[in-house]
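These notes are about the structure you will find just below.
This is the structure in structure tokens:
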């Protein structure tokens, strides 16, 4: 005896309907009906076809997801490479700039060093000259001339001191640039 709600055990006609419904329910368990574009038409798809269709769709979706992931990965990789290249380029520009500045400072140091050497030679000549002048002034009693030479030497010493201070500043600046350069090299290595 069937448990279907349309089934009536006393009525043969209802038994026939009930049997048809049971058969239909059994078909529905194992088969799928789908509509065609025209709503009056129907077609039949078996379990195997449905499974195959689902498998194909699943594979298609997996392929699409895989392709999208690859595309995203490639885009990310390209952006990463671009950023690295940009950073390397910026670093090379900074390093080149620092090297040029260091070379300029070295050039300035050489000029100042030669100025100092030249001034030291002048100071030595003036000392010799001063020594001679001192002897002459003692002999001649020209104290004013001697005082002027002493002032000149003092001025030259002050200039020499000022130049040495400038050289010290340039050396300090050069050391700072060298430290920055070494820091940049160590950061990039």
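Numbering (the UniProt record's numbering), first residue to last: 1 to 189. We put the beta carbon where it would ideally sit given N, CA and C, even for glycine. Every value quoted in this text rests on a predicted model; they were computed, and no experiment measured them.
C-alpha gap between residue i and residue j, whole angstroms
i: residue 187; j: residue 178; result: 14 Å
i: residue 81; j: residue 185; result: 20 Å
i: residue 120; j: residue 160; result: 8 Å
i: residue 174; j: residue 106; result: 8 Å
i: residue 63; j: residue 57; result: 10 Å
i: residue 183; j: residue 98; result: 12 Å
i: residue 83; j: residue 60; result: 34 Å
i: residue 51; j: residue 71; result: 30 Å
i: residue 135; j: residue 103; result: 47 Å
i: residue 74; j: residue 68; result: 10 Å
i: residue 94; j: residue 168; result: 25 Å
i: residue 101; j: residue 144; result: 48 Å
i: residue 146; j: residue 138; result: 9 Å
i: residue 91; j: residue 172; result: 23 Å
i: residue 85; j: residue 96; result: 16 Å
i: residue 76; j: residue 66; result: 15 Å
i: residue 78; j: residue 49; result: 43 Å
i: residue 118; j: residue 88; result: 44 Å
i: residue 158; j: residue 148; result: 15 Å
Any C-beta of chain D under 9 Å from that of residue i
i: residue 174; result: Among the protein chains of the structure shown there is no chain D, as only one such chain exists.
For residue j and residue i, believed in contact at Cβ under 8 Å, the rounded distance
i: residue 170; j: residue 108; result: 6 Å
i: residue 112; j: residue 166; result: 6 Å
i: residue 126; j: residue 156; result: 7 Å
i: residue 116; j: residue 163; result: 5 Å
Three or more C-beta pairs closer than 8 Å, one from the region 121 to 130 and one from the region 138 to 158: is that the case here?
yes
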